[in-house]
Amino acid sequence: MRRMKCMALPLVALALLSLFLIADAAGAPPKPRLQWHHYRNSCRYAEVYVRHQVEEFWKNDKSITPKLARLVYSDCFVHGCDASILLDEGANPEKKALQNQGLGGFILIDKIKTVLESRCPGVVSCADILQLAARDALKLAGAPGYPVFTGRRDGMKSDAASVDLPSPSITWQQALSYFESKGLDVLDMTTLLGAHSMGKTHCRYVVDRLYNYNGSGKPDPSMNATLLNTLRNLCPPRKKGEHDPSVYLDPESGPHYSFSESYYKRILRHEAVLEIDQQLLYGNDTVQITEEFAAGIEDFRRAFAESMYKMGNIDVLTGNEGEIRQNCRYTNKAKSK
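Below you can see the structure in the form of structure tokens.
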């Protein structure tokens, strides 16, 4: 398995090969068709403008960090990182898919786009804005900075029927197959799930573990008893159409919206909220990575930087592909009508 062959050194130490010095090495991710500071001539301060808007928004709403991280995932894992998740046009765009209910962060992306269009009209893509904004928000929450190469173009279509994001109740093997279909590996999967140290989830994604695990009519026997009682109080049985409350994915760091290794510590204590998170204990590789990240945040931070970089390069559009939208919610053709 790539990045996990020699166990004499820590897993993450083996994984963190330089992205720049060995991009052509066997097994390394393919070199992206993007550029470092792509807008240095066409919109010199584009990244400064993005960072400023994120910082101003974050001061008043720190939940913007997990919202933007989820937007990146929901965007890149469908058609690739082309900002199709931002589109409103069409009868049923991606953001209306069941898996994407509760998405947020659109208002901030709109604000950033408005600022950039006033300074550099028709230059900076929505796809790049989303990647840069997520990176800056994550850094404010305590995550590491990581390189965002730019030059992405925006996609032209968005259809909820194309959204194949998996349920949070799948097994770790099913999750790994899905991540591998996107060019990511077991370390990437285990690392990126660590973003669950922030944000919330709706009770509908948890109730099966609380009341009817695998159709047994009983709770998940692996769940910590204290957590089970807490979640049952927050997520009582409900009928169709009733309010669906939300709970923190990581009750330790979640209320502070801070990037933390506590997510992995909770998994080891059987205190994960989502089934997919707790499933990391059941794979030889995933449990080893979980134990390493729980032991110290620096390994997690370094791996997170690499995995976010890789995810941001999934099936990007460049050159003459796609377009540079004037409004992130509409293609230029639709906007001109």
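Residue numbers for the sequence shown, in numbering that gives the first Met the number 0: 0 to 336.
C-beta atoms are modelled at their ideal positions from N, C-alpha and C, and glycine is treated no differently.
Predicted model, so just to flag it, every value in this text is computed and none were measured.
Annotation for serine 117: the continuous alpha helix (DSSP H) segment containing it runs 105 to 118. In the displayed model, glutamate 251 falls within coil according to three-state DSSP, outside both helix and strand.
Unbroken alpha helix (DSSP H) stretches of 4 residues or longer found wholly inside the region 112 to 168: 125 to 139, given in chain order. A check of alpha carbon separations from arginine 32 across Ser306, Leu86 and Val315 identifies Val315 as the nearest. Non-local C-beta neighbours of leucine 233 in its own chain, meaning closer than 8 angstroms and more than five positions away in sequence, comprise Cys202, Pro244 and Val246, ordered along the chain. Alanine 174 sits buried, since 16 or more C-beta atoms from the chains shown fall within 10 Å of its C-beta. Tyrosine 329 carries a strand assignment under DSSP once its states are collapsed to helix, strand and coil. The beta carbons of valine 49 and serine 161 sit no closer together than 7 angstroms. In terms of Cβ geometry, tyrosine 262 and glycine 193 form a close pair [threshold 7 angstroms]. Taking 7 angstroms as the cut-off, the beta carbon of serine 306 is found closer than this to the beta carbon of aspartate 187. Per DSSP, the unbroken beta strand (DSSP E) holding threonine 200 starts and ends at 199 to 201. Contact check between the region 57 to 71 and the region 130 to 149: three or more CB pairs, one atom from each, fall below 8 angstroms, which counts as touching.
Scanning its chain for C-beta atoms nearer than 6 angstroms, with the 5 sequence neighbours on each side dropped, one finds around glutamine 98 the residues Val162 and Leu164, in chain order. Between aspartate 153 and arginine 328, the C-beta spacing is not below 7 angstroms. Separation of phenylalanine 105 and aspartate 74 (C-alpha to C-alpha, rounded to the nearest whole angstrom) is 12 angstroms. In the structure shown, the three-state DSSP call for valine 272 is coil.
Looking from the CA of proline 235, the closest CA among Pro220, Leu267 and Val206 belongs to Val206. DSSP lists no beta-bridge partner residue for valine 286. For histidine 78, there is no enclosing alpha helix (DSSP H), as DSSP marks it with neither H nor E. Minimum Cα-Cα distance from tyrosine 256 among the listed residues Leu137, Lys110, Cys42 and Thr330 corresponds to Leu137. Note on arginine 300: 16 or more other CB atoms within 10 angstroms of its CB, so buried under the neighbour-count rule. In this structure, lysine 181 places its C-beta atom within 7 angstroms of the C-beta atom of isoleucine 313.
For glutamine 52, the enclosing alpha helix (DSSP H) covers residues 45 to 59. Inter-segment contact for the region 286 to 305 and the region 112 to 126 is absent: fewer than three beta-carbon pairs are separated by less than 8 angstroms.
Counting along the chain, tryptophan 35 sits inside no alpha helix (DSSP H), nor does DSSP assign it H or E at all. Within the same chain, Asp127, Phe148, Thr149 and Gly150 come within 8 angstroms of histidine 37 by CB-CB distance, once the 5 residues on both sides are set aside. Annotation for phenylalanine 56: Ile63 and Leu107 place their beta carbon closer than 6 angstroms to its own, counting only its chain and skipping 5 residues before and after.
For the region 182 to 242, the continuous beta strand (DSSP E) assignments of 3+ residues that do not extend past its boundaries occur at 199 to 201, in sequence order. Of the other Cβ atoms in all chains shown, 16 or more fall within 10 Å of the Cβ of serine 157; this residue is therefore buried. Judged by DSSP secondary structure, lysine 309 falls within the alpha helix (DSSP H) whose first and last residues are 296 to 310.
The region 118 to 126 and the region 38 to 47 touch, with three or more beta-carbon pairs separated by less than 8 angstroms.
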